[in-house]
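Novice: Below are the structure tokens for one structure; questions will follow.
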């Protein structure tokens, strides 16, 4: 039973890591709004790691703002998954260099409007926000596989392999939470991250 559970967790973690990689490559090729947002589309306190400014932050959006609409497309306040889908559809229909109008509500309830010239996510920021956590997740997944395959005689190794697999999903998916939130829609695979 424990053997099957650990193996199942490792398989799910490996699949999740592949999904994270695919979605990161897709989002890196799309225009970047210039802010990272929570699954509930609240602007996070994240900012550029390198010297390139993020257009959304530069245009006046701030941490705690809740995105309400982008380019006239309303973003659901009730269903975060539908709101994220709408945001991704808007970003998929425009190109880097175009300007979009973002309507948001600040944490104090003040309405805010910003014209954001879309850009690509700078490579240094992609490495910092996706690459490093993803690499840590891969190391955790490889540790889980090692414990599962080469330490079969130890019950503790099976438990540790399951924990490492869960860590891989959690750590490796940090970037996904603030971009597509694709796996947070399916069974809340990472309950450690709040919805808003």
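Residue numbers (our numbering): 889 to 1084. Using N, Cα and C, we set each Cβ at its ideal position, and we do this for glycine too. Nothing here was measured: the structure is a model prediction, and the numbers come from that model.
(1) Determine whether the beta carbon atoms of residue 947 and residue 961 lie at a separation below 8 Å.
(2) Bridge partners of residue 954, per DSSP?
(3) If you compare alpha carbons, which of 905, 955, 941 and 936 is closest to residue 929?
(4) Between residue 1066 and the rest of its own chain, which residues show a CB-CB distance below 8 Å, the 5 nearest in sequence each way excluded?
(5) Please classify residue 905 as buried or exposed, where buried requires at least 16 neighbouring CB atoms within 10 angstroms.
(6) Return the residue from the list 1024, 910 and 920 that minimises the CA-CA distance to residue 1008.
(7) Tell me, please, whether the segment 1016-1030 touches the segment 964-984 by the rule of three or more beta-carbon pairs shorter than 8 Å.
(8) Would you call residue 967 buried or exposed, if buried means 16 or more other Cβ atoms sit within 10 Å of its Cβ?
(9) In terms of residue numbering, what span does the beta strand (DSSP E) encompassing residue 1002 cover?
(10) To the nearest angstrom, report how far apart residue 1059 and residue 911 are at their CA atoms.
(11) Rounded to a whole number of angstroms, what is the C-alpha to C-alpha distance between residue 1050 and residue 1068?
(12) Cα separation between residue 1004 and residue 971?
Specialist: Answer, in terms of the structure:
(1) no
(2) 930 and 993
(3) 955
(4) 924, 925, 926, 932, 934 and 1017
(5) buried
(6) 920
(7) no
(8) exposed
(9) 999-1005
(10) 15 Å
(11) 26 Å
(12) 19 Å
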